[in-house]
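*Asks:* In this note's numbering, the protein residues as written are 93 to 285.
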Amino acid sequence: MTIPKPTELNPRIAELENKRNGLHAEKTAKVAEAAIIRARIQTAPSKGNAADNRVRAILGEAPLPDADPDMPRLDKLLLELSDLNKAIGILDSEIRNQRDIGSRLVCASVKPEVTERAKAFAAALLDLHAAHLEYDRYLDEIENTGTNISSLNRVFLSFLGASRDPCGGYHYSAREFVDAGIIARSDMPEAIR
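(1) Determine the closest residue to Glu186 out of Met93, Arg229, Glu109, Arg165, with distance taken between C-alpha atoms.
(2) In whole angstroms, give me the CA-to-CA distance for Ala283 and Gly238.
(3) Look at the alpha carbon of Leu101 and the alpha carbon of Val198, and state the distance between them as a whole number of angstroms.
(4) Does the count of Cβ pairs from the segment 201-216 and the segment 124-133 closer than 8 Å reach three?
(5) Buried or exposed for Met93, going by 16 or more other Cβ atoms inside 10 Å?
(6) Does the segment 239-250 touch the segment 172-186, meaning 3 or more C-beta pairs lie closer than 8 Å?
(7) Which of the three DSSP states, helix, strand or coil, is assigned to Asn102?
(8) Considering Cys199, what are the terminal residues of the alpha helix (DSSP H) in which it resides?
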């Protein structure tokens with residue numbers, strides 16, 4: 093089974109991300125312009141080109157695109173950057189919401205496969221427990237005859253705990269499956285309930 097991506101099941105995510113990327117590009121350009129103006133203000137601030145355009149009009153020449161004086165332009169840029177940052181923040185929040193929706197859609201589409209695999213995993217755990225229980229029972233039976241079984245190199249799975257420990261790894265592992273609704277509590281072996 094191919095696992096879909098949240099963006100495949102919820103195309104609104106890509107739409108919002110494209111919009112955010114456009115705003116980031118606009119923001120980058122405005123930040124660069126503000127940096128140029130700040131540097132220019134230190135040495136030779138521009139007074140704009142309104143006077144030059146009036147002279148060009150008198151001479152019958154086409155006016156240049158309007159350029160504000162540096163300080164008003166910088167104030168305007170900073171206001172625009174503040175608005176852009178707010179808009180980007182709103183988009184980021186909406187993108188997170190849409191990703192959550194997309195994630196829920198992905199989870200819903202793969203749930204049958206996950207459940208099938210979880211049931212196989214739970215069955216393997218229960219089979220491992222049964223084999224461990226039988227292994228311990230048989231070694232205990234040998235030991236009960238008065239035999240020293242140290243030469244048999246008994247195997248202890250310390251990370252899972254004893255096969256009959258109701259507070260050990262088997263118990264908590266099986267409880268995970270019960271809590272997830274994969275197996276019923278009655279499916280847990282009596283020894284670890």
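The beta carbon of each residue, even a glycine, is placed where N, CA and C say it ideally should be.
*Replies:* Taking the geometry as given:
(1) Glu109
(2) 25 Å
(3) Each residue's alpha carbon lies about 7 Å from the other.
(4) no
(5) exposed
(6) no
(7) coil
(8) 162-235
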